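Here our numbering is used: the first residue of the sequence shown is -16, the next is one more, and so on.
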Amino acid sequence: MPAEYLIVLGLCLLITLPLEFVLGARVYRRPGRLLRALAPVVVVFVAWDLLGIHRGHWWYAPDKITGIMLPGRLPLEELLFFLVIPLCGLLTLEGVRAVLTRAAALRAGLRERAGTRTDPTEGDDA
-16 MPAEYLIVLG LCLLITLPLE FVLGARVYRR PGRLLRALAP VVVVFVAWDL LGIHRGHWWY
44 APDKITGIML PGRLPLEELL FFLVIPLCGL LTLEGVRAVL TRAAALRAGL RERAGTRTDP
104 TEGDDA
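Below is the structure:
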């Protein structure tokens, strides 16, 4: 199927998008931080891919990609892969971190409340 690679990347984004808004991952809301996290990945792996393509170590199935080629014969989908997959990883990491932070705060609040509660048997002369 043409553009299959692109469709899979789109689905990855779609599936992880709720992590930003439902769990409060705050990845999209911190663009500078996101850029600093993605830039080294993109630079290193695009260079790696370009070297592999140049040396003939790998290729891309023409029936799975759009055919849009970037300089160095790098398919558009491959560049997007190096943006989308780390982004999805960051969304997952931050989503889990948000849930764990809320769970820890809830546990701390319960412990605090339990520690300040008076013993119901205290003062009972029975």
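All residues carry an ideal CB built from backbone N, CA and C; glycine is no exception.
As the structure is a prediction and not an experimental result, all values here were calculated from the model.
query: If we ignore side chains and look at the alpha-carbon of each, how far apart do Pro14 and Leu(-3) end up?; result: 18 Å
query: For Pro1 and Ala20, I'd like the C-alpha separation in whole angstroms.; result: 20 Å
query: Suppose you measure from the CA of Asp25 to the CA of Glu95; what does that come to, to the nearest Å?; result: For the sequence presented, residue 25 should be read as Val rather than Asp. Going by the C-alpha atoms only, they are around 46 Å apart.
query: State the Cα-Cα distance for the pair Leu74 and Val10, rounded to the nearest angstrom.; result: 6 Å
query: State the Cα-Cα distance for the pair Phe65 and Gly7, rounded to the nearest angstrom.; result: 23 Å
query: I'd like to know whether the C-beta atoms of Trp41 and Gly35 end up nearer to each other than 8 Å.; result: yes
query: Identify whether Leu6 lies in helix, strand or coil by the three-state DSSP scheme.; result: coil
query: Under a Cβ-count criterion, where at least 16 other Cβ atoms within 10 Å of its own Cβ denotes burial, should Val67 be classed as buried or exposed?; result: buried
query: Can you find the residues in the same chain that come closer than 8 Å, C-beta to C-beta, to Leu17, ignoring five residues on each side of it along the sequence?; result: Val10, Tyr11, Leu70, Leu73
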